[in-house]
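Numbering (UniProt numbering), first residue to last: 1 to 127.
Built from N, CA and C at the ideal position, the CB exists for glycine as well.
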């Protein structure tokens, strides 16, 4: 039996460019991303920490680690979801983000939930 099936999370991401906060002439591109984490598993799990790998269009990589997300460490019950919005600032009009959430299940099982890669892009910059 696959124990990880007890802890199955679906992660969906939506992004948007924030022109009002950006200054392209200063190589400052601000993006917002909204992430929905749905618990499709059999047990509740709590998000303890996050790890991001952010790569801009020049190949510059920044790693970010921290506790929780947006000041919270949400506990997500089976069938429930947690949604939050945060942001990233890049020096280029296009970049990518990916990473993982460090989770702990109600039974003490610790696991990483991978965050699939997603693109941050100023509209009409990708063909």
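Leaving out the 5 sequence neighbours to the left and right, which residues in its chain are closer than 7 Å to residue 30 when beta-carbon positions are compared? 18, 21, 22, 87 and 89
Taking DSSP's pairing of strands, which residues face residue 119 in a bridge? 96
Return the CA-CA distance between residue 101 and residue 9, expressed in angstroms with no decimal places. 10 Å
So residue 23 is in the beta strand (DSSP E); what residue range does that whole segment cover? No beta strand (DSSP E) holds residue 23; DSSP gives it neither H nor E.
In the structure shown, what three-state DSSP assignment does residue 49 receive? strand
Enclosing beta strand (DSSP E) for residue 63 [first to last residue]: 61–67
Please confirm whether residue 7 and residue 50 have their CB atoms less than 9 Å apart. no
For residue 27, which residues from the same chain have a beta carbon less than 8 Å from its beta carbon, with the 5 sequence-adjacent residues on both sides left out? 91 and 92
Taking the continuous beta strand (DSSP E) assigned at residue 41, which residues delimit it? Per DSSP, residue 41 belongs to no beta strand (DSSP E) and is neither H nor E.
Residues of its chain near residue 72, where Cβ-Cβ distance is below 7 Å and the 5 sequence neighbours each way are ignored: none
Beta carbon of residue 96, beta carbon of residue 55: below 9 Å? yes
Please report the Cβ distance between residue 45 and residue 105, rounded to the nearest whole angstrom; I am assuming they are in contact, meaning their Cβ atoms lie under 8 Å. 5 Å
If you follow the beta strand (DSSP E) that residue 7 is part of, which residue opens it and which one closes it? Segment: none, residue 7 is in no beta strand (DSSP E) and carries neither H nor E.
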